[in-house]
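Position in the sequence shown (first residue = 1) + 168 = this note's numbering. Read the structure below first, then the notes.
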Amino acid sequence: MYYFFGMSKKHKIKRIIPASTSVYLDGPKPRINELAFAWEIFWQFIKGFRHLHFIGPCITVFGSARFKEDHKYYQAAMHFGKHIADLGFTTMTGGGPGIMEAANRGAFEHGGQSVGVNIQLPFEQHANPWVHKSFTLNYFFIRKVLLVKYSYAFIIMPGGWGTMDELFETLTLIQTKVINDFPVVIYGKEYHKPLLDYIHLMEKEGTISPEDMNLILVTDNIDEAMLHIQKYVRKNYQVKPRTKLWWLFEKR
């Protein structure tokens with residue numbers, strides 16, 4: 169569909185602008201719409217906080233929704249979920265299929281806690297059944313806040329646009345000291361090699377500092393990854409007990 173502009177009396181088209189472009193020309197919405205949008209964001213954050221406040225310390229696993237059960241990365245993510253359960257941590261993912269499902273499944277089947285923070289999408293994303301607690305949000309930025317807020321370490325499995333977005337946002341938050349220096353593990357050397365080459369180029373060009381390279385561990389070894397996380401988390405962080413309050417309708 170197109171919008172037509174500059175048409176003469178003889179109906180000759182002088183300029184054609186795709187209809188989708190109009191979104192960028194629309195400008196601010198009416199104030200009542202902006203208020204409703206702000207309230208929706210606030211309410212979704214409160215919803216997330218209430219769901220996740222008592223889940224315990226988490227390790228978040230990021231990765232593609234497109235890998236099937238027989239894929240090597242799906243199997244690796246299941247092993248990560250099992251190891252996270254062995255550490256006594258909750259496995260947190262985006263709650264969808266693929267890598268997310270595998271990590272949740274590994275924790276669930278191994279007796280560990282498993283949580284999914286899902287997103288409403290017109291395709292691909294459906295909640296996987298391997299979670300003890302799951303809820304769905306409308307906005308990616310709220311989801312990313314929650315996936316980072318409750319976690320003490322981050323495991324980056326092979327993935328696409330969304331996974332890269334989550335990786336670099338997490339690294340930026342750590343680099344700028346917005347969050348503490350939690351461990352970030354990138355799993356899959358072959359898959360991530362071109363990306364890591366580019367990261368080394370950024371270091372060479374001075375757009376990141378040499379010490380920023382210390383923020384990540386790149387490995388193909390699940391045991392190495394978990395040992396790195398275990399040493400770092402247990403050395404530097406303690407979990408503060410949280411009390412449920414009856415007047416906030418928090419079930420005991």
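Each residue gets a CB set at the ideal place from its N, CA and C atoms; glycine is no exception. Note that this is a predicted model, so its numbers are computed, not measured.
Practice task
Measure how close the beta-carbons of GLY228 and LEU315 come, nearest whole angstrom, since I'm counting them as under 8 Å.
Solution key: As a position in the sequence shown, residue 228 is number 60, starting the count at 1. As a position in the sequence shown, residue 315 is number 147, starting the count at 1. Residue identity differs from the one stated: residue 228 is Thr in this sequence, not Gly. Confirmed, Cβ separation roughly 5 Å.
Exercise for the section: Pull up the distance between the alpha-carbon of LYS412 and that of GLY224, whole angstroms please. Expected result: Counting from one through the sequence shown, the residue named residue 412 turns up at place 244. Counting from one through the sequence shown, the residue named residue 224 turns up at place 56. Going from the Cα of LYS412 to the Cα of GLY224 covers about 13 Å.
Problem - DSSP bridge partner residues for TYR355 (one or two, in chain order) - result: Taking the sequence shown and counting its residues from 1, one reaches residue 355 at position 187. The partner list for TYR355 (beta bridge, DSSP) reads THR387.
Exercise for the section: Below 8 Å on the Cβ atoms is my guess for VAL353 versus ILE376; work out the distance and round it to an integer in Å. Expected result: Mapped onto the sequence shown, residue 353 falls at position 185. Mapped onto the sequence shown, residue 376 falls at position 208. Contact between VAL353 and ILE376 is absent: CB atoms are separated by about 18 Å, not below the 8 Å threshold.
Handout entry: Reduced DSSP category for THR189 - H, G, I as helix; E, B as strand; rest coil
Key = Reading the sequence shown from its first residue, position 21 is the one you call residue 189. Residue placement at THR189 is poorly supported in this model, since its pLDDT is 48, which falls under 50; the coordinates still yield a value, given next. In the structure shown, THR189 sits in a helix (DSSP, three-state: H, G or I).
Handout entry: Member of GLY256, ASN201, ALA244 whose CA lies at the smallest distance from the CA of ARG402
Key = On the sequence shown, position 234 is the one that residue 402 refers to. Of GLY256, ASN201, ALA244, the residue nearest in Cα terms is GLY256.
Handout entry: Cβ pair count under 8 Å reaching 3, the segment 297–304 against the segment 196–203
Key = no
Practice task
Pull up the CB-CB distance for VAL313 and VAL299, whole angstroms please, since I reckon it's below 8 Å.
Solution key: Residue numbering aside, residue 313 sits at position 145 when the sequence shown is read from its first letter. Residue numbering aside, residue 299 sits at position 131 when the sequence shown is read from its first letter. Contact flag wrong, Cβ pair sits at about 19 Å.
Handout entry: Coarse secondary structure for VAL166, derived from DSSP in three states
Key = Examination of residue 166 is not possible in this model, given that the chain is present from 169 through 420 alone.
Exercise for the section: Use the C-beta contact count for ARG311: other C-beta atoms within 10 angstroms, 16 or more gives buried, fewer gives exposed. Expected result: Position 143 of the sequence shown, counting from 1, holds the residue named residue 311. That one is buried.
Exercise for the section: Work out the CA separation of MET370 and LYS240 for me, nearest whole Å. Expected result: On the sequence shown, position 72 is the one that residue 240 refers to. On the sequence shown, position 202 is the one that residue 370 refers to. Using only the alpha carbons, I get a separation of about 30 Å.
Exercise for the section: Taking 9 Å as the cut-off, decide whether the C-beta atoms of GLY279 and ASN272 are in contact. Expected result: Mapped onto the sequence shown, residue 279 falls at position 111. Mapped onto the sequence shown, residue 272 falls at position 104. No, Cβ-Cβ distance for GLY279 and ASN272 is not below 9 Å.
Handout entry: Three-state secondary structure (DSSP) of MET332
Key = In the sequence shown, the residue the question calls residue 332 occupies position 164. Looking at MET332 - three-state DSSP - the assignment turns out to be helix.
Handout entry: Nearest-angstrom Cα separation, counted from LEU416 out to ILE397
Key = For the purposes of this step, residue 397 is identified with residue 229 of the sequence shown, where counting begins at 1. For the purposes of this step, residue 416 is identified with residue 248 of the sequence shown, where counting begins at 1. Cα to Cα, ILE397 sits roughly 34 Å from LEU416.
Problem - Where TYR320 sits in the DSSP three-state scheme - result: Residue mapping note: residue 320 aligns to position 152 of the sequence shown, counting from 1. In the three-state reduction of the DSSP assignment, TYR320 falls in the strand class, which pools E and B.
Practice task
Quick one: which unbroken beta strand (DSSP E) runs of 3-plus residues sit fully inside the segment 253–315? Chain order, please.
Solution key: 258–261, 282–287, 301–305
Practice task
Using beta-carbon positions only, say whether ALA245 and ILE267 come within less than 9 Å of one another.
Solution key: As a first step, residue 245 is located in the sequence shown; it is residue number 77 there, counting from the start. As a first step, residue 267 is located in the sequence shown; it is residue number 99 there, counting from the start. Yes, the Cβ-Cβ distance between ALA245 and ILE267 is below 9 Å.
Practice task
Measure the Cβ-Cβ separation of GLY216 and VAL285 and say whether it is below 9 Å.
Solution key: Position 48 of the sequence shown, counted from the first residue, corresponds to residue 216. Position 117 of the sequence shown, counted from the first residue, corresponds to residue 285. Against a cut-off of 9 Å, the Cβ pair of VAL285 and GLY216 comes out as a contact.
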